[in-house]
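Asker: Have a look at the structure that comes next, please.
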Amino acid sequence: MDDQSAGSAELPDPGCGELDPRDPRGKDHATELSPDRLAVPIPPNASHPVYRQGVDMKSCFRATWPCLAATTLVMASLAAVAQPAGTLRFGSNQGMDDWETLTKPNSIYTSLIYEGLAEVTPDGLGIAPKLATGWKESPRKLEITLREGVTFHDGTPFDAAAVVKNLERIRDTPGQWRGVFSAVDKFTAVSPTRVDITLRMPAPNLLPNLARRGAYMVSPKALADGSYKLTPVGTGPWKYEAKDTVKGLRTVVSFYDKYYAPKSVGPARVEVTHINDPDSLYNALRTGQLDIVWTNPSIARRAEREGLKSTWFPSVMWHLQMMDTVKTFNSPKLRQAVCHAINAQEYMDAALGGHGKIHTQRLRDGMHGFNPAVKGYPHDLPKAKRLMAEVGNPKLEFTLATFDNQRTIAELFKSQMAQIGIDVKLDFMTFGQFFSTFRSGKYPAAILTDSQDTGAYDYYLYHYAASGSGNPLKTVFPGVEAAVKEALEATEVATQTAGWQKMAKVIDDEALDCGFFDYAAFWAFNPKRVSNIVSTVGDVAVFRYADARIAP
Numbered sequence: 075m076d077d078q079s080a081g082s083a084e085l086p087d088p089g090c091g092e093l094d095p096r097d098p099r100g101k102d103h104a105t106e107l108s109p110d111r112l113a114v115p116i117p118p119n120a121s122h123p124v125y126r127q128g129v130d131m132k133s134c135f136r137a138t139w140p141c142l143a144a145t146t147l148v149m150a151s152l153a154a155v156a157q158p159a160g161t162l163r164f165g166s167n168q169g170m171d172d173w174e175t176l177t178k179p180n181s182i183y184t185s186l187i188y189e190g191l192a193e194v195t196p197d198g199l200g201i202a203p204k205l206a207t208g209w210k211e212s213p214r215k216l217e218i219t220l221r222e223g224v225t226f227h228d229g230t231p232f233d234a235a236a237v238v239k240n241l242e243r244i245r246d247t248p249g250q251w252r253g254v255f256s257a258v259d260k261f262t263a264v265s266p267t268r269v270d271i272t273l274r275m276p277a278p279n280l281l282p283n284l285a286r287r288g289a290y291m292v293s294p295k296a297l298a299d300g301s302y303k304l305t306p307v308g309t310g311p312w313k314y315e316a317k318d319t320v321k322g323l324r325t326v327v328s329f330y331d332k333y334y335a336p337k338s339v340g341p342a343r344v345e346v347t348h349i350n351d352p353d354s355l356y357n358a359l360r361t362g363q364l365d366i367v368w369t370n371p372s373i374a375r376r377a378e379r380e381g382l383k384s385t386w387f388p389s390v391m392w393h394l395q396m397m398d399t400v401k402t403f404n405s406p407k408l409r410q411a412v413c414h415a416i417n418a419q420e421y422m423d424a425a426l427g428g429h430g431k432i433h434t435q436r437l438r439d440g441m442h443g444f445n446p447a448v449k450g451y452p453h454d455l456p457k458a459k460r461l462m463a464e465v466g467n468p469k470l471e472f473t474l475a476t477f478d479n480q481r482t483i484a485e486l487f488k489s490q491m492a493q494i495g496i497d498v499k500l501d502f503m504t505f506g507q508f509f510s511t512f513r514s515g516k517y518p519a520a521i522l523t524d525s526q527d528t529g530a531y532d533y534y535l536y537h538y539a540a541s542g543s544g545n546p547l548k549t550v551f552p553g554v555e556a557a558v559k560e561a562l563e564a565t566e567v568a569t570q571t572a573g574w575q576k577m578a579k580v581i582d583d584e585a586l587d588c589g590f591f592d593y594a595a596f597w598a599f600n601p602k603r604v605s606n607i608v609s610t611v612g613d614v615a616v617f618r619y620a621d622a623r624i625a626p
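For the sequence shown, my numbering assigns the number 75 to the initial residue and increments by one for each residue that follows.
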């Protein structure tokens, strides 16, 4: 990451994902994520003793509707089929170079083959079981119970030893996922079906990240001989078909007949074709060569006019990342002026077909740490001009790092800043060039998403920690640090919640981040060939292949 025609779900609080400290079962009770305990909202602290990850359905009915919503989404996505059937032909503008799971910017290809211990629910707010069936939490340990009877595509058993090998690989491989395990002391295979993760300190981001693409489980045998980079071997519904795959053009997978949940899988075969140009992708759909394609708003409208169907979802949240708050954006009032001058609705109207929602803060409503008291910076040009006058109308100019496909939004931002006397130069580049340089310290700002939707702690680690990749100047933010310290040291739910919400309030008060809006992603498809297209909020460029249903 799901409603294909709406923004992110409006969930008032984490609901039954929290453990009441008065619970007579105590802080260390086990939670089994069996079919009657399908999913709960992403927790405030996945390693904290006062939270639990599974939830008995009876508790749901006593609580607020977020738990019910998350469960309904999972139930809908698990609609049973008699047997996988048909071929799903998907067209994407992104290609595949190799199968290294730790370097991919999305899961277009890897999610065909691999699975993790858990997965994110379609609304982007909950965690559901996958290769793990449950877990038990205590102050410095996460005990994970594994699904039995699972094998990798090469016949290797999926067990605790395989999980430990995978987790150690992630921890020991330099890259974006390594930091997820910075709080881990050790991984232990206690039995074939149990893995313990011992922690040196609280790790609120651990479990949410175990449900992301960076924690996919790869066959230990393939890891040992290095073949996994060219020939992927996972536990997923489909296995790789090298003989049918055409490198650089088409990747083909077919149903793995020993998959543990065959009734949850729609297509028996999936073909992903790489075509870079959106017009060519659409032509392949229109002429019957493909069943569903990635597309843009204008082509999505054309598809509807021509008898096809389209759908969209909020794939990521974009915002203005002010990475230099020392020299460029050097005062709260100046930053407030910039924030009030931004009109994100113009971005969505011009570039995204008017789809999406403006947000007041980086954490989505329904995520732990979301602060309902934060109102953000709605577009208010007169107020922005007054704030600029209060700081002396400085002659500010800076360069915005941007890329070709962002041109419309970048040029609108430039014109909006000009209205308050700020001169913005646009440095256009390919997305690859942009992604490798925008956080180098050369550019004071960029418009993009930052961390994944894994909660307040990851947001802090990315953007406000001195070592964060989104903080290239290593700026220290005392107010943010104090709030994070309060949250991490909390032993009660209310105290920890207050800490994360205080962090959101400090960021808002000092205008350290703003301009939040949904970046909508679009699919066009042939309804006579395929149905039940389910996407996950926050999971860019891919939909849930197993949920798709192919017409007979």
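Quick reminder that beta carbons are idealized off the backbone N, C-alpha and C, glycines included.
#1: Indicate whether residue 177 and residue 249 have their beta-carbon atoms separated by less than 8 Å.
#2: Thinking C-beta only, is residue 159 closer than 8 Å to residue 624?
#3: Can residue 614 and residue 196 be called in contact, C-beta distance under 8 Å?
#4: Which residue comes first and which comes last in the alpha helix (DSSP H) that contains residue 192?
#5: Might you give, ordered along the chain, the residues of its own chain that have their beta carbon closer than 6 Å to the beta carbon of residue 450, omitting 5 neighbours on each side?
#6: Residues in its own chain within less than 7 Å of residue 222 by CB, not counting five upstream and five downstream?
#7: Which residue marks the beginning of the alpha helix (DSSP H) containing residue 324, and which one marks its end?
#8: Quick one: Cα of residue 617 to Cα of residue 322, how far?
#9: To the nearest angstrom, how far is it from the Cα of residue 331 to the Cα of residue 310?
#10: Would you mind working out which of 231, 383, 352 and 307 sits nearest residue 628, comparing C-alpha positions?
#11: Compute the Euclidean distance between the alpha carbons of residue 379 and residue 207, then round it to the nearest angstrom.
#12: If you draw a straight line from the C-alpha of residue 547 to the C-alpha of residue 167, how long is it?
#13: Buried or exposed: where does residue 97 fall if 16 or more other Cβ atoms within 10 Å of its Cβ makes it buried?
#14: Three or more beta-carbon pairs under 8 Å between the stretch 587 to 605 and the stretch 568 to 575, yes or no?
#15: Looking at the structure shown, is residue 473 part of a helix, part of a strand, or coil, going by DSSP?
#16: Which residues bound the alpha helix (DSSP H) around residue 616?
#17: Would you be able to state if there are at least three C-beta pairs under 8 Å between the stretch 405 to 414 and the stretch 426 to 433?
#18: By DSSP, does residue 269 sit in helix, in strand, or in coil?
#19: With distances taken Cα to Cα, identify the nearest neighbour of residue 239 among 422, 533, 292 and 595.
#20: Please report the distance separating the alpha-carbon of residue 611 from that of residue 262.
#21: Would you mind giving the Cβ-Cβ distance between residue 188 and residue 308, rounded to the nearest angstrom? I have them listed as a contact below 8 Å.
#22: Closest to residue 283 by CA distance: which of 320, 236, 198 and 357 is it?
#23: If you reduce the DSSP assignment to three classes, tell me which class residue 498 lands in.
#24: Give every residue of the same chain whose Cβ lies closer than 7 Å to the Cβ of residue 510, excluding the five residues on either side of it in the sequence, and list them in chain order.
#25: Rounding to the nearest angstrom, what Cα-Cα distance links residue 128 and residue 463 in this structure?
#26: Need the endpoints of the beta strand (DSSP E) that residue 595 sits in, please.
#27: Among residues of its own chain, excluding the 5 on either side of residue 351, which ones have a beta-carbon nearer than 8 Å to its beta-carbon?
#28: Pull up the CB-CB distance for residue 406 and residue 584, whole angstroms please, since I reckon it's below 8 Å.
#29: How far does the beta strand (DSSP E) with residue 514 in it extend, from its first residue to its last?
#30: For residue 408, which of 468, 372 and 392 has the nearest alpha-carbon?
#31: Expressed to the nearest angstrom, what Euclidean distance is found between the alpha-carbon atoms of residue 338 and residue 620?
#32: Would you tell me roughly how many angstroms separate the C-alpha atoms of residue 461 and residue 442, rounded to the nearest one?
Answerer: With the given structure in hand:
#1: yes
#2: yes
#3: no
#4: From DSSP, residue 192 is part of no alpha helix (DSSP H) but of the beta strand (DSSP E) over 192 to 194.
#5: Take residue 450, set aside five residues on each side of it, and the residues of its chain with a beta-carbon closer than 6 Å to its own are 434, in chain order.
#6: If we look at residue 222 and ignore the five residues flanking it on each side, its Cβ neighbours are 267.
#7: Taken as a continuous stretch (DSSP letters only), residue 324 belongs to no alpha helix (DSSP H), being part of the beta strand (DSSP E) at 324 to 329.
#8: 21 Å
#9: 11 Å
#10: Past the edges of the chain, shown from 75 to 626, lies residue 628, and the structure says nothing about it.
#11: 45 Å
#12: 34 Å
#13: Because the pLDDT at residue 97 is just 31, under 50, the model does not fix this residue reliably, and the point stays unresolved.
#14: no
#15: strand
#16: Neither: residue 616 is in no alpha helix (DSSP H) and is coded neither H nor E.
#17: With a cut-off of 8 Å, the stretch 405 to 414 and the stretch 426 to 433 do not count as touching, because too few Cβ pairs lie within range.
#18: The DSSP-derived three-state label of residue 269 is strand.
#19: Restricting attention to 422, 533, 292 and 595, the CA atom closest to the CA of residue 239 is found in 292.
#20: 33 Å
#21: 4 Å
#22: 198
#23: strand
#24: Around residue 510: no qualifying Cβ.
#25: With a pLDDT of 35 at residue 128, under the threshold of 50, the predicted position of this residue should be treated as unreliable, though the coordinate-derived value follows. Looking at the two C-alpha atoms, the distance is approximately 53 Å.
#26: 588 to 599
#27: 167
#28: 5 Å
#29: Segment: none, residue 514 is in no beta strand (DSSP E) and carries neither H nor E.
#30: 468
#31: 7 Å
#32: Cα to Cα, the separation comes out at about 32 Å.
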